[in-house]
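A.B. asks: Pasting a structure here, questions to come.
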Amino acid sequence: MNIPVHVAIIPDGNRRWARAKKLPDVEGHRVSAEKVLPNIIETMSKAGVKCFTFWALSTENAKKRSKEEYNNLLGLMKFFLKRRVKDLHTNNIRIRIIGNCESFPKDIQELVAKAMDTTKDNTDMTVIFGINYGGRDEILRGMKKAAAEGKMDELTVDNFGQYLDTKDIPDPDLIIRTGGEKRVSGFMLWQSEYAEYAFMDKLFPDFTAQDFHDCVETFNETNRRFGR
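Have a look at this one:
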């Protein structure tokens, strides 16, 4: 079976999962962060996936969620960065962050920097977390970087990627969205040009290793022509 080099997940449905079980919204996110996400990383690593991107927090989430929910999400982020980085490092997994983290509290910025520095030389797999990430925001920041370097007139389709958060990461081959919605919501707008999409009705806290393998099986049935 052909394993995608880069798999990304848009993990939709955490709040709906919690509400269906009459639990606080944060419980959906907690189950995802503490149980589902580690299992997915392990599954993908064993399967041979080299890059896995997880959209943890969008720019819209950061702006529009209630203060309580936003703080809960930040708390789960801190939990993961404190508790899981050691396991990922032991398994030779590198951590990368994409998105604009400058608005986050200093302690989270420090945890992010430490996680990336600790794992920077690992080579088995790269796990990329999209935190305060949005495709339009990323492209706008990339344009500003190019302008600051006086390179606007030199931008091409081939070189613009070096100004994006994913400058040394291959474009995604397979993007999975859970939760029943069939839209990209601004995720990796530049990088997803030839990505294959798998839209699932299942809510993210119920996502399993078998679901991943099913998506890969469908991916293998696709004739990827890349515009040819």
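Residues 437 to 664, numbered by the numbering used here, are exactly what the sequence shown covers, in order.
Every residue, glycine too, gets a C-beta built ideally from N, C-alpha and C.
Predicted, not measured: the structure shown is a model, and the values here were computed from it.
For E617, which of S628, E629, M636 and W626 has the nearest alpha-carbon?
C.D. replies: Residue M636 is the option with its Cα nearest to E617.
A.B. asks: Are the Cβ atoms of P447 and P608 separated by less than 9 Å?
C.D. replies: The answer is no: Cβ separation not under 9 Å.
A.B. asks: Quick check: the Cα distance between A582 and M588, rounded to an integer number of angstroms?
C.D. replies: Approximately 6 Å between the Cα atoms of the pair.
A.B. asks: Leaving out five residues on either side along the sequence, give the residues of the same chain with a beta carbon under 8 Å from the beta carbon of H525.
C.D. replies: Here the set comprises T554, T555 and N558.
A.B. asks: From this set, A456, E504, A551 and I476, which residue's C-alpha is nearest K522's C-alpha?
C.D. replies: When each option's Cα is compared against that of K522, the closest is A551.
A.B. asks: Under a Cβ-count criterion, where at least 16 other Cβ atoms within 10 Å of its own Cβ denotes burial, should H442 be classed as buried or exposed?
C.D. replies: It counts as buried.
A.B. asks: According to DSSP, is S621 part of a helix, a strand, or is it coil?
C.D. replies: S621 falls in the coil class under three-state DSSP.
A.B. asks: With a threshold of 16 other CB atoms inside 10 Å of the CB of Y599, please say whether the residue is buried or exposed.
C.D. replies: The residue in question, Y599, is buried, as its Cβ has 16 or more Cβ neighbours within 10 Å.
A.B. asks: Hey, G681 and M624 are a contact pair by Cβ (cut 8 Å); roughly how many whole angstroms apart?
C.D. replies: What is shown of the chain runs 437 to 664, which leaves residue 681 out entirely.
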